[in-house]
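Q: Those protein sequences? They're chains A and B, same order as listed.
For the first sequence, the working numbering gives the first residue as 265, with consecutive numbering after it.
For the second sequence, the working numbering gives the first residue as 265, with consecutive numbering after it.
Protein chains: 2
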Amino acid sequence: MRHAVSTAPLDAFGYTDPLGRVELREALARYLTRARGLRTRADNIVVCSGAAEGLRLVATALVETGVREVAVEEFGLPAQRGTLTRAGLATPAIALDAGGADISALDGSPNLGAVLLTPSHQFPLGVALHPDRRAAVVDWARRRGAIIIEDDHDGEFRYDRTPVGALQGLGPRHVIYMGTASKSLAPGLRVGWLVVPDHMVEVVVRQKGETEENVGFVNQLAMAEFIDSGAYDRHIRTMRSQYRRRREQLIEAITQRTPGSPDVAIVGLPAGLHVLLTRPGRLVSADAGRPAWKRLAVEPLDLFRHPCSTSDLDGVVVGFASPSPSAWPGALDALVGLLQ
Amino acid sequence: MRHAVSTAPLDAFGYTDPLGRVELREALARYLTRARGLRTRADNIVVCSGAAEGLRLVATALVETGVREVAVEEFGLPAQRGTLTRAGLATPAIALDAGGADISALDGSPNLGAVLLTPSHQFPLGVALHPDRRAAVVDWARRRGAIIIEDDHDGEFRYDRTPVGALQGLGPRHVIYMGTASKSLAPGLRVGWLVVPDHMVEVVVRQKGETEENVGFVNQLAMAEFIDSGAYDRHIRTMRSQYRRRREQLIEAITQRTPGSPDVAIVGLPAGLHVLLTRPGRLVSADAGRPAWKRLAVEPLDLFRHPCSTSDLDGVVVGFASPSPSAWPGALDALVGLLQ
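1. Kindly indicate the opening and closing residues of the alpha helix (DSSP H) around A/Met-242.
2. Report all residues from its chain with a CB closer than 7 Å to the CB of A/Thr-324; omit the five preceding and five following residues, and keep chain order.
3. Here's a check: name, in chain order, each residue in its chain whose Cβ is nearer than 8 Å to the Cβ of B/Leu-514, leaving out the five neighbours to either side.
4. Classify B/Leu-319 as buried or exposed, calling it buried when 16 or more other Cβ atoms lie within 10 Å of its own Cβ.
5. What does A/Ala-276 touch in chain B if you count any residue whose Cβ is under 8 Å from its own?
6. Taking Cβ positions, are B/Phe-277 and A/Gly-452 nearer each other than 7 Å?
7. What is the rounded straight-line gap between the Cα of B/Thr-519 and the Cα of B/Arg-303?
8. Determine the chain B residues that contact A/Thr-329 at a beta-carbon separation under 8 Å, and present them in chain order.
9. Are the beta-carbon atoms belonging to B/Arg-504 and A/Val-269 less than 7 Å from one another?
10. From A/Ile-358 to A/Thr-574, what distance separates their C-alpha atoms?
11. Count Cβ pairs between the region 333-350 of chain A and the region 453-471 of chain A that sit closer than 8 Å; are there 3 or more?
12. Are the beta-carbon atoms of B/Ser-368 and B/Asp-416 separated by less than 7 Å?
13. Please tell me whether B/Val-482 has its Cβ less than 7 Å away from any Cβ of chain A.
14. How many angstroms separate the CA atom of A/Gly-363 from the CA atom of A/Ala-392?
15. Cα separation between A/Arg-501 and A/Asp-492?
16. DSSP three-state call for A/Ser-549: helix, strand or coil?
17. Should A/Leu-274 go down as buried or exposed, given a rule of 16 or more other Cβ atoms within 10 Å for buried?
18. Note down, in chain order, each residue of its chain lying with its Cβ closer than 7 Å to the Cβ of B/Ser-549, except the 5 sequence neighbours on either side.
19. Hey, does A/Tyr-279 have any beta-carbon neighbour from chain B nearer than 7 Å?
20. Using a Cβ-Cβ cut-off of 7 Å, state whether A/Arg-510 counts as contacting chain B.
21. Using a Cβ cut-off of 7 Å (strictly closer), state whether A/Arg-266 contacts chain B.
22. If we cut at 7 Å on Cβ distances, does A/Gln-468 have a partner in chain B?
23. Quick one, which residues of the region 310-324 of chain A are near chain B if we go by CB-CB under 8 Å, in chain order?
24. Verify whether the separation of the beta carbon atoms of B/Arg-454 and B/Gly-314 is less than 7 Å.
25. Any idea what DSSP makes of B/Tyr-441, helix, strand or coil?
26. What is the DSSP secondary structure of B/Ala-316, reduced to helix, strand or coil?
27. Residues in the region 562-587 of chain A with C-beta within 8 Å of chain B's C-beta atoms, listed in sequence order?
28. Can you give, in chain order, each stretch of the beta strand (DSSP E) that sits fully within the region 340-427 of chain A and has at least 3 residues?
29. Buried or exposed: where does B/Ser-590 fall if 16 or more other Cβ atoms within 10 Å of its Cβ makes it buried?
30. Does any residue of chain B bring its CB to less than 7 Å from the CB of A/Val-459?
31. Do you know whose CA, among A/Gly-494, A/Pro-571, A/Gln-506 and A/Tyr-441, lies nearest A/Val-310's CA?
32. Along the chain, where does the alpha helix (DSSP H) containing B/Val-286 start, and where does it finish?
33. Express the C-alpha separation of A/Arg-397 and B/Leu-360 in angstroms, rounding to a whole number.
34. Is there a Cβ of chain B sitting closer than 7 Å to that of A/Val-269, yes or no?
35. Using the C-alpha atoms, what's the distance from A/Ala-488 back to A/Ala-272?
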């Protein structure tokens, strides 16, 4: 960032391209093609200040193009449902199982104009969308002229195999892809990105307020250089191994220290920055405010449940990315202590 | 900015206060109290990525509180009207004269929930809101429980006297004040601010997407330090004298080089970063794309006219802030050449 400040071109201080700095959009196009299997060019990338702003732009753009209903997974971020609702969109739920979202249900809802999915790693259940369903949802969008909003919040963090490519690669004309540096790098950067089909770029950008981009140029130029230098790839590899170890330690601690207990089960793929513990016994989220947690995020699954969900799944969602390395052992102890 | 990068606290990299960094909000509270006569504390300041995002937050917050109509001045930024319209608000026009917006007209519109004004320096006509009308609009807002949105886009730049204080100082419970570093410093920073009455802070912040702020921490911390060190005040003083000189040179060039011509008149206070030329003869905005303009902004007044305006005023609006110092004389020559 110091280098970006020192070397920024003069025009970076002014009003620039509402899509975002071209340096960053070109770096992202190369990175997303290489690392996430996207099919895109810089012209299809819209820089935004994070996934929240990205979804807001998408939601109001969809409304402007006549969409009235966007299906969402029956468990997901309530803030995302709120963003869609505030834009004036209805958000019917689609069921989840071990193969991810039940894509076959989409055909039964003739008013749907879009669906919001977390195909690589469902949040919060932790499953991946089955390959047949990946093909089916792209086929649905193609047949119906609908949009798939792909939230690839932690797609780089798969621990058992090479990450599955983004769904966008299967149907770039039907998918709006959302990515963010908030999980892979740091939320304080306020850098996220949308990858938008040609025919939607103009309407999405217009939602920014017609004339402005929303992200400071230093962060954009720094991120562009970070990607192009290879430092971002190295950072992802380093963090992938750290998060894998944390996840293994978390599971080991729980299985060893609650021996034979039927009270805890862990759901989801070896991936991402969170695990879902089902049947968590007396672990309740009220405990999560305790200092011992050291920024472990512990939330009841109910917080993420769609009001119309009929699932009887219960549990707590534990996000393990935020504690500092020195705080991690203590945070793990505090969590496991409560499970016993 | 280099210093801000080097000294940023660790928590700045994470999700922080959705209102914005407290360092910046405290610096702004002190600055706005001192320089613009606001009555505010850091708790009432919401950092945003510029005036466009600020107005979007205000517009959707007003809708959420039940507002359906926001009056706007009969000349103003079409992007601002667009932001209000997209949020679902009707935008009836109020007339302008030498005393600014005709505040007495507000009482005739019982459905108004708010009014958007540029009281210190009307954009684009360049007049100031008359002191009696300043009091009257605050009184109207108080009686009706309405909100005044004060766009203080260039309030620091008054050349004939100390700038008039912000309207917010007359009625902090009824005014949402919008400010930006885009005109005083640089658009590329993407730093703006709202000053919001206590009872509206929560609903305004919620429009950001509930959990996130939108501005990178480096820009916020750099801006905070820039203000607190006194460098921002010095910068404003320097730019005020540069812009005053440009405005004088522009007027002098026009009056000297179009002698006795009834074709050009200059409207508006000695203030701000633009002048309105009425009866501009054969100067048309199509000329503005010429390289000789060197980033002079020349726009027909019609571009800013509300569809329901009954004014017969005509002219072109010339923004003179953007040309570099070395490009300025050539840009001025090109403009005046066309007026002759």
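The beta carbon of each residue, even a glycine, is placed where N, CA and C say it ideally should be.
A: In short:
1. Since the first and last residues shown for chain A are 265 and 604, residue 242 of chain A lies out of range.
2. As a first step, residue 324 of chain A must be located in the first sequence, where it is residue number 60. Cβ neighbours of A/Thr-324 beyond the five flanking positions: Ala-351 and Gln-471.
3. On the second sequence, position 250 is the one that residue 514 of chain B refers to. When the five nearest sequence neighbours on each side are left out, the beta carbons in the same chain lying within less than 8 Å of the beta carbon of B/Leu-514 are those of Val-539, Val-582, Phe-584, Leu-596 and Leu-599, in order along the chain.
4. For this step, residue 319 of chain B is matched to residue 55 along the second sequence. Residue environment: B/Leu-319 is assigned as buried (16 or more neighbouring CB atoms within 10 Å of its CB, all protein chains considered).
5. Here residue 276 of chain A refers to the residue found at position 12 when the first sequence is read from its first residue. The answer, in chain order, is Gly-452.
6. Residue 277 of chain B sits at position 13 when you count from the first residue of the second sequence. Residue 452 of chain A sits at position 188 when you count from the first residue of the first sequence. Yes, the Cβ-Cβ distance between B/Phe-277 and A/Gly-452 is below 7 Å.
7. Your numbering for residue 519 of chain B matches position 255 in the second sequence. Your numbering for residue 303 of chain B matches position 39 in the second sequence. Cα to Cα, the separation comes out at about 42 Å.
8. Residue numbering aside, residue 329 of chain A sits at position 65 when the first sequence is read from its first letter. Taking a Cβ-Cβ cut-off of 8 Å, A/Thr-329 has no neighbours in chain B, whose nearest Cβ is about 13 Å from it.
9. Your numbering for residue 504 of chain B matches position 240 in the second sequence. Your numbering for residue 269 of chain A matches position 5 in the first sequence. No, the Cβ-Cβ distance between B/Arg-504 and A/Val-269 is not below 7 Å.
10. Here residue 358 of chain A corresponds to residue number 94 of the first sequence, with the count starting at 1. Here residue 574 of chain A corresponds to residue number 310 of the first sequence, with the count starting at 1. A/Ile-358 and A/Thr-574: Cα-Cα distance of roughly 10 Å.
11. Contact between the region 333-350 of chain A and the region 453-471 of chain A is not established, with fewer than three Cβ pairs separated by less than 8 Å.
12. Stepping through the second sequence from its first residue, residue 368 of chain B is reached at position 104. Stepping through the second sequence from its first residue, residue 416 of chain B is reached at position 152. No. Outside cutoff.
13. One-based indexing of the second sequence puts residue 482 of chain B at position 218. Among the CB atoms of chain A, one or more fall inside 7 Å of the CB of B/Val-482.
14. Within the first sequence, residue 363 of chain A is the residue found at index 99, counting from 1. Within the first sequence, residue 392 of chain A is the residue found at index 128, counting from 1. Each residue's CA atom was taken as its position, placing A/Gly-363 and A/Ala-392 some 6 Å apart.
15. Along the first sequence, read from residue 1 onward, the residue named residue 501 of chain A stands at position 237. Along the first sequence, read from residue 1 onward, the residue named residue 492 of chain A stands at position 228. Straight-line Cα distance between these residues: approximately 15 Å.
16. Position 285 of the first sequence, counting from 1, holds the residue named residue 549 of chain A. The predicted model places A/Ser-549 with a pLDDT of 48, which falls under 50 and marks its position as unreliable; any figure quoted below should be read in that light. Looking at A/Ser-549 - three-state DSSP - the assignment turns out to be helix.
17. Counting from one through the first sequence, the residue named residue 274 of chain A turns up at place 10. If you draw a 10 Å sphere on the C-beta of A/Leu-274, you find fewer than 16 other C-beta atoms in it, and that means exposed.
18. Mapped onto the second sequence, residue 549 of chain B falls at position 285. Low per-residue confidence applies at B/Ser-549: pLDDT is 47, beneath 50, and the placement is therefore not dependable enough to give any value.
19. What you label residue 279 of chain A is simply residue 15 of the first sequence in a count that begins at 1. Chain B, which has a Cβ nearer than 7 Å to the Cβ of A/Tyr-279, makes this yes.
20. To locate residue 510 of chain A, count along the first sequence from 1; it is residue 246. No, A/Arg-510 does not count as interfacial toward chain B.
21. Taking the first residue of the first sequence as 1, we reach residue 266 of chain A at position 2. True, the Cβ-Cβ gap to chain B drops below 7 Å.
22. What you label residue 468 of chain A is simply residue 204 of the first sequence in a count that begins at 1. One point to set straight first is that residue 468 of chain A is Val, not Gln, in the sequence displayed. Not one chain B Cβ lies under 7 Å of A/Val-468.
23. Those residues of the region 310-324 of chain A that come within reach of chain B (Cβ to Cβ, closer than 8 Å) are Ser-313, Gly-314, Ala-316, Glu-317, Leu-319, Arg-320 and Thr-324.
24. The residue you call residue 454 of chain B lines up with position 190 of the second sequence. The residue you call residue 314 of chain B lines up with position 50 of the second sequence. Yes.
25. In the second sequence, counting from the first residue as 1, residue 441 of chain B sits at position 177. Residue state, collapsed to three classes: strand.
26. Taking the first residue of the second sequence as position 1, residue 316 of chain B is located at position 52. Helix, per DSSP.
27. For the region 562-587 of chain A, the beta-carbon criterion of a distance under 8 Å to any beta-carbon of chain B is satisfied by Ser-586.
28. The qualifying runs are 376-381 and 411-415.
29. Here residue 590 of chain B corresponds to residue number 326 of the second sequence, with the count starting at 1. Exposed, by the Cβ-count rule.
30. Translated into positions along the first sequence, residue 459 of chain A becomes position 195. So, not an interface residue.
31. Here residue 310 of chain A refers to the residue found at position 46 of the first sequence. Comparing alpha-carbon positions, the option among A/Gly-494, A/Pro-571, A/Gln-506 and A/Tyr-441 lying closest to A/Val-310 turns out to be A/Tyr-441.
32. By one-based count along the second sequence, residue 286 of chain B stands at place 22. For B/Val-286, the enclosing alpha helix (DSSP H) covers residues 286-300.
33. Position 96 of the second sequence holds residue 360 of chain B. Position 133 of the first sequence holds residue 397 of chain A. Taking the CA atoms as reference points, B/Leu-360 sits about 60 Å from A/Arg-397.
34. Counting from 1 along the first sequence, the entry for residue 269 of chain A is found at position 5. Closer than 7 Å: yes.
35. Walking along the first sequence from the start, residue 272 of chain A turns up at place 8. Walking along the first sequence from the start, residue 488 of chain A turns up at place 224. Those two C-alpha atoms are separated by around 12 Å.
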